[in-house]
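Numbering follows UniProt numbering, in which position 81 of the sequence shown is assigned residue number 81; successive positions increment by one, without gaps. Beneath this line is the structure, given in structure tokens, with notes to follow.
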Amino acid sequence: MNHATDNYDPPQNPPEILHEDQELIVVNKPAGLLSVPGKGAHLADCLLARVVARFPTALLVHRLDRDTSGVMVFAATAHAQRHLGLQFEKRQTKKTYVARVHGCIDSPEGVVDLPLIVDWPNRPRQMVCHETGKEAVTGYKVIRSDACESRVRLFPRTGRSHQLRVHMAALGHPILGDPFYSDDADAYPRMMLHAEELRLRHPEGGRGMRFRARAPF
Numbered sequence: 001m002n003h004a005t006d007n008y009d010p011p012q013n014p015p016e017i018l019h020e021d022q023e024l025i026v027v028n029k030p031a032g033l034l035s036v037p038g039k040g041a042h043l044a045d046c047l048l049a050r051v052v053a054r055f056p057t058a059l060l061v062h063r064l065d066r067d068t069s070g071v072m073v074f075a076a077t078a079h080a081q082r083h084l085g086l087q088f089e090k091r092q093t094k095k096t097y098v099a100r101v102h103g104c105i106d107s108p109e110g111v112v113d114l115p116l117i118v119d120w121p122n123r124p125r126q127m128v129c130h131e132t133g134k135e136a137v138t139g140y141k142v143i144r145s146d147a148c149e150s151r152v153r154l155f156p157r158t159g160r161s162h163q164l165r166v167h168m169a170a171l172g173h174p175i176l177g178d179p180f181y182s183d184d185a186d187a188y189p190r191m192m193l194h195a196e197e198l199r200l201r202h203p204e205g206g207r208g209m210r211f212r213a214r215a216p217f
């Protein structure tokens, strides 16, 4: 089942603009809204389309999953798109996520190093595969926890599809409300994963910049 196409009813609030200048547009993406259009007219509404409606020169740099909220950067020029794209490709950006996950995580911090590959019969699901999977590494720190759930910060060192979601599920602590990797999606109003912070270098001059959006859960 492809949850990205089932009953797509994205929030209608206008995008919250966190920063804008001649090269960058930084937005706080709401959960439930596609980053880019899906296949079919009913999936045309997306963050990219909404940002372009307001900033006609805006260009895509990276994506967040439909069910993930948080900081997303768009380029305002082709130069900025190339510059930012290389930063993501070379892993020069620093990303921090916040998540609520099932159960009490024993260790206060750790690293998950499990290679990932698409689960073809069930795509877009991903899965761990030590034979043919691509490198995927996630650091984590527990903010607080009890017997029922833990609140964690996640630090992806690679950018594989669904990486944080699969890695937490592989630890035995799937993200609450995850429609693919947890069995409780109907018990929560959304998936509890939020892109809290993004650090990058400005395409014009290279100065370091930090953008944050507080988790809504």
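The C-beta atom is built at its ideal place from N, Cα and C for all residues, glycine as well.
Taking just the CA atoms, how far does Gly205 sit from Asp186?
Within the sequence shown, the letter at position 186 stands for residue 186. Within the sequence shown, the letter at position 205 stands for residue 205. Between the C-alpha atoms of Asp186 and Gly205 there is a straight-line separation of about 47 Å.
For Lys90, the nearest candidate out of Arg212, Leu193 and Arg157 (CA to CA):
Counting from 1 along the sequence shown, the entry for residue 90 is found at position 90. If you compare the alpha carbons of Arg212, Leu193 and Arg157 with that of Lys90, the shortest gap goes to Arg157.
By how many angstroms is the C-alpha of Glu131 removed from the C-alpha of His19?
To locate residue 19, count along the sequence shown from 1; it is residue 19. To locate residue 131, count along the sequence shown from 1; it is residue 131. Rounded to whole angstroms, His19 to Glu131 spans 42 Å at the Cα level.
Using a Cβ-Cβ cutoff of less than 8 Å, which residues in the same chain neighbour Ser107 once the five nearest sequence positions on both sides are dropped?
Here residue 107 refers to the residue found at position 107 of the sequence shown. Contacts found: Val142.
For Gly110, the residue or residues it bridges with in DSSP
Taking the sequence shown and counting its residues from 1, the one referred to as residue 110 is at position 110. For Gly110, the beta-bridge partners assigned by DSSP are Tyr140.
Where Arg82 falls: helix, strand or coil (DSSP):
Taking the sequence shown and counting its residues from 1, one reaches residue 82 at position 82. Per DSSP, reduced to three states, the secondary structure at Arg82 is helical.
Using only alpha-carbon positions, find the residue among Lys94, Arg123 and Gly139 that is nearest to Glu109.
Translated into positions along the sequence shown, residue 109 becomes position 109. The shortest C-alpha to C-alpha distance from Glu109 to any of Lys94, Arg123 and Gly139 is the one to Gly139.
Spatial distance of Gly172 from His79 (CA atoms):
By one-based count along the sequence shown, residue 172 stands at place 172. By one-based count along the sequence shown, residue 79 stands at place 79. Spanning the two alpha carbons is a distance of roughly 42 Å.
Let's see if you can read the secondary structure: which residues bound the alpha helix (DSSP H) around Val27?
Here residue 27 refers to the residue found at position 27 when the sequence shown is read from its first residue. Looking at the DSSP string, Val27 is not in any alpha helix (DSSP H); the run it does join, the beta strand (DSSP E), is Leu24 to Lys29.
Pairwise C-alpha distance: Leu48 and Pro15:
Locating residue 15 in the sequence shown gives position 15, where the first residue counts as 1. Locating residue 48 in the sequence shown gives position 48, where the first residue counts as 1. So the alpha carbons of these two residues sit roughly 10 Å apart.
If you drop the 5 nearest sequence neighbours on each side, which residues of the same chain put their C-beta closer than 7 Å to that of Arg82?
Locating residue 82 in the sequence shown gives position 82, counting from the first residue. No residues qualify anywhere along the chain.
Rank Ala169, Leu193, His194 and Arg190 by C-alpha distance to the C-alpha of Ser182 and give the top, closest one.
Counting from 1 along the sequence shown, the entry for residue 182 is found at position 182. When only C-alpha atoms are compared, the closest one is Ala169.
Which two residues bound the contiguous beta strand (DSSP E) that contains Met127?
Translated into the one-based positions of the sequence shown, residue 127 becomes position 127. Here the beta strand (DSSP E) through Met127 covers Gln126 to Val128.
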